[in-house]
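First up is the structure itself, then whatever we jot down about it.
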Amino acid sequence: MEILETLRRNGFVGYVVGGAVRDLLQGLPVSDWDLATDATPDRLVKIFPKVIPTGIRHGTVTVHCKTSQYELTTFRTDGDYASQHHLSRSCITRDIEADLRHRDFTINAMAYDPLRDKLIDPFGGQKDIKKRIIRGVQDPLSRFMEDGLRTYRAIRFSVTLDYRIEEKTLRAIPLCLEKARATSWERVREEIFKILQAKNPSKALRMMRKTGLLSVCLPELLEGYQTKRSQSDDVYHHILATIDAVPRRPILRLACLLHEIGKPRVRKRLRAGYSFDGYQKVSAQMADVVTNRLRLSNNQKEYIHQLIENHVPSIERMPDGPAIRRFLSGLDVRFLDDIFRLAIADQRASKAPPSNIRRLYYLRRRCHEILRAGTPLNVSQLAIGGDKVKKILGITESVGVGRILSQLLDIVLEDPEKNNPEDLTTLVKKIGKN
Numbered sequence: 000m001e002i003l004e005t006l007r008r009n010g011f012v013g014y015v016v017g018g019a020v021r022d023l024l025q026g027l028p029v030s031d032w033d034l035a036t037d038a039t040p041d042r043l044v045k046i047f048p049k050v051i052p053t054g055i056r057h058g059t060v061t062v063h064c065k066t067s068q069y070e071l072t073t074f075r076t077d078g079d080y081a082s083q084h085h086l087s088r089s090c091i092t093r094d095i096e097a098d099l100r101h102r103d104f105t106i107n108a109m110a111y112d113p114l115r116d117k118l119i120d121p122f123g124g125q126k127d128i129k130k131r132i133i134r135g136v137q138d139p140l141s142r143f144m145e146d147g148l149r150t151y152r153a154i155r156f157s158v159t160l161d162y163r164i165e166e167k168t169l170r171a172i173p174l175c176l177e178k179a180r181a182t183s184w185e186r187v188r189e190e191i192f193k194i195l196q197a198k199n200p201s202k203a204l205r206m207m208r209k210t211g212l213l214s215v216c217l218p219e220l221l222e223g224y225q226t227k228r229s230q231s232d233d234v235y236h237h238i239l240a241t242i243d244a245v246p247r248r249p250i251l252r253l254a255c256l257l258h259e260i261g262k263p264r265v266r267k268r269l270r271a272g273y274s275f276d277g278y279q280k281v282s283a284q285m286a287d288v289v290t291n292r293l294r295l296s297n298n299q300k301e302y303i304h305q306l307i308e309n310h311v312p313s314i315e316r317m318p319d320g321p322a323i324r325r326f327l328s329g330l331d332v333r334f335l336d337d338i339f340r341l342a343i344a345d346q347r348a349s350k351a352p353p354s355n356i357r358r359l360y361y362l363r364r365r366c367h368e369i370l371r372a373g374t375p376l377n378v379s380q381l382a383i384g385g386d387k388v389k390k391i392l393g394i395t396e397s398v399g400v401g402r403i404l405s406q407l408l409d410i411v412l413e414d415p416e417k418n419n420p421e422d423l424t425t426l427v428k429k430i431g432k433n
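Quick note on numbering that gives the first Met the number 0: the sequence shown kicks off at 0 and runs consecutively.
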């Protein structure tokens, strides 16, 4: 209210717009307040004492008001909010309806003036909210061609709000795939992450396949469509079942989305069923391509790679301490719980017997017991280091020292009691003779 009052005192108008209006009409809490005004960015900088030029070239600034921040965007008539070009004078308007005409969907194309308690809804957004419909403003094809990201947003709003996409709007998406393809991967990634936070992201992925969007952003997933992994399901539908079965964290769900994408490339037909030898490694390698495409951080890339490569801890081959310690030695233990979350979701999606699930819970508990015990799992935790090895062997060169340390670690993983200077010194001397 204070910002809108300040605008009015200076001869301008301001409105609450976008998702905030939609949420207010639905009686939902508003997390992001977006404001639109006929004041240009250069005027806003002069009017308000604390302004951040977050997107000033596109007509947007962020205004500090007490303890909060609000985005103010100048009315515009082109709808190309993603443009890399400066906002031109020809695109600026003082007409709020002209601005709303170029917003994406009717449910987002409303403006509210709380000072006058006036709602501006020229395109039937309020009616579409009541009907739970996603409808492009006036001409959906034109709206999508203004910004290719809107094709993703249509599907995202559909699954997060549980709305139906109106038929004309849905039909326009496949006609705009090249525009969607031209959208920056950073923006696409953020939209995919929002989709993955939905209650049932599998619904969105089905729509993305049918509209062609999946072929634009995640074509690797389509390789698993109708690629049988068992007699009852294919790789694609198994993946969809898996992502719905894990917590609503985007990065974890992205790992689920990619955990079997390598199966079609290694599948071999057997007399009874199929084999997929080495699919974890191939899937992890393919996931690296996807995570690079989506411009993920190095830590996020490593997280996804490790989850995929390690999500099948052998239930039968890990009955004892040494096998579990070797498993832990090969991964970043920060990701351990999510590796098991993926493994358990994978088993559930495969309709595995309950004994498999119980075994995974048991293995997770044993892993944590070993970690709490401080058992050495890598060479840096050995009781002696490389310099000590060289001193024992009377050498100055480091050649071969790494190999010796690896051998020592193998022995310690088998028997942690040997991780002491005396036993390791004896072992180094023995290895050195060979």
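The beta-carbon is built from N, C-alpha and C at its ideal position, and this holds for glycine as well.
In this text, all values refer to a predicted model and were calculated from it rather than measured experimentally.
For Asp138 versus Ile106, is the C-beta spacing smaller than 8 Å? As a working mapping, residue 138 is identified with position 139 in the sequence shown. As a working mapping, residue 106 is identified with position 107 in the sequence shown. Cβ distance not < 8 Å, so Asp138 and Ile106 don't count as in contact.
Presumed contact (8 Å Cβ cut-off) between Gln225 and Asp232, rounded CB distance: Mapped onto the sequence shown, residue 225 falls at position 226. Mapped onto the sequence shown, residue 232 falls at position 233. So it is not a contact: roughly 10 Å between Cβ atoms.
Whole-number beta carbon distance between Arg102 and Ile133, since they are thought to touch under 8 Å: Position 134 of the sequence shown, counted from the first residue, corresponds to residue 133. Position 103 of the sequence shown, counted from the first residue, corresponds to residue 102. Rounded, the Cβ-Cβ distance is 13 Å, inconsistent with contact.
In angstroms, rounded to a whole number, what distance separates the CA positions of His84 and Lys65? The count along the sequence shown starts at 1 and reaches residue 84 at position 85. The count along the sequence shown starts at 1 and reaches residue 65 at position 66. Interpretation of His84 is limited by its pLDDT of 46, a score under 50 that renders its predicted location unreliable; the figure taken from the coordinates is listed afterwards. Rounded to whole angstroms, His84 to Lys65 spans 32 Å at the Cα level.
Nearest neighbour of Asp98, chosen from Arg371, Asp37, Arg21 and Arg252 [CA to CA]: Working through the sequence shown from its first residue, we reach residue 98 at position 99. Among Arg371, Asp37, Arg21 and Arg252, the Cα nearest to that of Asp98 is on Asp37.
Within its chain, find whatever has a CB closer than 8 Å to the CB of Ile338; leave out the 5 residues flanking it on each side and keep chain order. Mapped onto the sequence shown, residue 338 falls at position 339. Within the same chain, Ile338 has close Cβ partners Gln305, Leu306, Asn309, His310, Pro312 and Leu330.
Buried or exposed: which applies to Asp276, given that a residue is buried once 16 or more other Cβ atoms fall within 10 Å of its Cβ? The sequence position of residue 276 within the sequence shown is 277, counting from 1. Exposed is the call here.
Is the segment 286–298 close to the segment 375–394, with three or more CB pairs under 8 Å? no
Between the C-alpha atoms of Ala372 and Leu359, what's the straight-line distance to the nearest angstrom? Along the sequence shown, one-based indexing puts residue 372 at 373. Along the sequence shown, one-based indexing puts residue 359 at 360. If I take the Cα positions, the gap works out to 20 Å.
Expressed to the nearest angstrom, what Euclidean distance is found between the alpha-carbon atoms of Val388 and Glu396? As a working mapping, residue 388 is identified with position 389 in the sequence shown. As a working mapping, residue 396 is identified with position 397 in the sequence shown. Roughly 11 Å separates the two Cα atoms.
Under the three-state DSSP convention, the category Pro353 falls into: Reading the sequence shown from its first residue, position 354 is the one you call residue 353. Note: Pro353 maps to helix in three-state DSSP.
Using 8 Å as the threshold, is the C-beta distance between Ala110 and Ile154 below it? Residue 110 sits at position 111 when you count from the first residue of the sequence shown. Residue 154 sits at position 155 when you count from the first residue of the sequence shown. No, these two residues do not count as a Cβ contact at 8 Å.
Which whole runs of the alpha helix (DSSP H) in the segment 260–316 are 4 residues long or more, in chain order? 262–265, 278–292 and 297–309
Classification of Glu177 by the beta-carbon crowding that lies within 10 angstroms, buried from 16 upward: Sequence index remark: in the sequence shown, residue 177 carries index 178 (1-based). Classification for Glu177: exposed.
Alpha-carbon spacing of Arg456 relative to Phe326, whole angstroms: Not covered by the structure: residue 456. The range shown for the chain is 0 to 433.
Compute the Euclidean distance between the alpha carbons of Arg270 and Gln25, then round it to the nearest angstrom. The residue you call residue 270 lines up with position 271 of the sequence shown. The residue you call residue 25 lines up with position 26 of the sequence shown. Between Arg270 and Gln25, the C-alpha separation is close to 57 Å.
Where the alpha helix (DSSP H) containing Gln125 begins and where it ends: Residue 125 sits at position 126 when you count from the first residue of the sequence shown. Segment Gly124 to Lys130, the alpha helix (DSSP H) holding Gln125.
State the CB to CB distance for the pair Pro113 and Leu3, rounded to an integer number of angstroms; the pair is presumed to be in contact (CB under 8 Å). To locate residue 113, count along the sequence shown from 1; it is residue 114. To locate residue 3, count along the sequence shown from 1; it is residue 4. Confirmed, about 7 Å.
Reduced DSSP secondary structure (H/G/I, E/B, other) of His84: By one-based count along the sequence shown, residue 84 stands at place 85. Confidence at His84 is low in this model, with a pLDDT of 46, below 50, so the placement of that residue should be treated as unreliable; the coordinate-derived value is given next. Of the three classes helix, strand and coil, the one that applies to His84 here is coil, per DSSP.
Continuous alpha helix (DSSP H) stretch holding Leu257: start and end: In the sequence shown, residue 257 corresponds to position 258, counting from 1. Taken as a continuous stretch (DSSP letters only), the alpha helix (DSSP H) holding Leu257 covers Pro249 to Leu257.
Excluding five sequence neighbours on each side, which residues of the same chain lie with their C-beta closer than 7 Å to the C-beta of Thr150? If you number the sequence shown from 1, residue 150 lands on position 151. Contacts found: Phe143, Ile172, Cys175, Ala179 and Leu212.
Quick one: Cα of Pro375 to Cα of Lys428, how far? Reading the sequence shown from its first residue, position 376 is the one you call residue 375. Reading the sequence shown from its first residue, position 429 is the one you call residue 428. Taking the straight line from one Cα to the other gives about 21 Å.
Limits of the alpha helix (DSSP H) - the one that Leu71 falls within: If you number the sequence shown from 1, residue 71 lands on position 72. No alpha helix (DSSP H) contains Leu71, which is instead part of the beta strand (DSSP E) from Ser67 to Thr73.
Excluding five sequence neighbours on each side, which residues of the same chain lie with their C-beta closer than 6 Å to the C-beta of Leu118? Mapped onto the sequence shown, residue 118 falls at position 119. The answer, listed in chain order, is Tyr111.
Measure from the alpha carbon of Val16 to the alpha carbon of each residue in Ala35, Val400, Leu426 and Gly147, then state which is nearest. Residue 16 sits at position 17 when you count from the first residue of the sequence shown. Minimum Cα distance to Val16 is reached at Ala35.
From which residue to which residue does the alpha helix (DSSP H) around Tyr235 run? Reading the sequence shown from its first residue, position 236 is the one you call residue 235. Counting along the chain, the alpha helix (DSSP H) containing Tyr235 begins and ends at Val234 to Ile242.
In chain order, which continuous runs of the alpha helix (DSSP H) of length 4 or greater are located wholly inside the segment 10–71? 18–25 and 40–46
Any beta carbon of chain B sitting closer than 8 Å to that of Thr182? In the displayed structure, chain B is absent; only one protein chain is listed.
Closest to Glu413 by C-alpha separation, out of Ser405, Pro321 and Arg115, would be which residue? On the sequence shown, residue 413 is found 414 positions in, with the first residue counted as 1. It is Pro321.
Any idea what DSSP makes of Tyr111, helix, strand or coil? Reading the sequence shown from its first residue, position 112 is the one you call residue 111. Strand.
For Val398, count neighbouring C-beta atoms within 10 Å of its own C-beta (all shown protein chains included) and say buried if the count is 16 or more, exposed if not. Stepping through the sequence shown from its first residue, residue 398 is reached at position 399. Exposed, since its Cβ has fewer than 16 Cβ neighbours within 10 Å.
Where the beta strand (DSSP E) through Ile119 begins and ends: Within the sequence shown, numbered from 1, the residue matching residue 119 stands at position 120. Taken as a continuous stretch (DSSP letters only), the beta strand (DSSP E) holding Ile119 covers Lys117 to Ile119.
Residue nearest to Tyr235 in terms of C-alpha spacing, selected from Leu160, Glu96 and Cys255: Your numbering for residue 235 matches position 236 in the sequence shown. The shortest Cα separation from Tyr235 among Leu160, Glu96 and Cys255 belongs to Cys255.
Count the other CB atoms, across all protein chains shown, that sit within 10 Å of the CB of Pro40; report buried if there are 16 or more and exposed otherwise. Residue mapping note: residue 40 aligns to position 41 of the sequence shown, counting from 1. Buried, by the Cβ-count rule.
What are the start and end residues of each continuous beta strand (DSSP E) run of 3 or more residues lying completely inside the segment 155–238, in chain order? none
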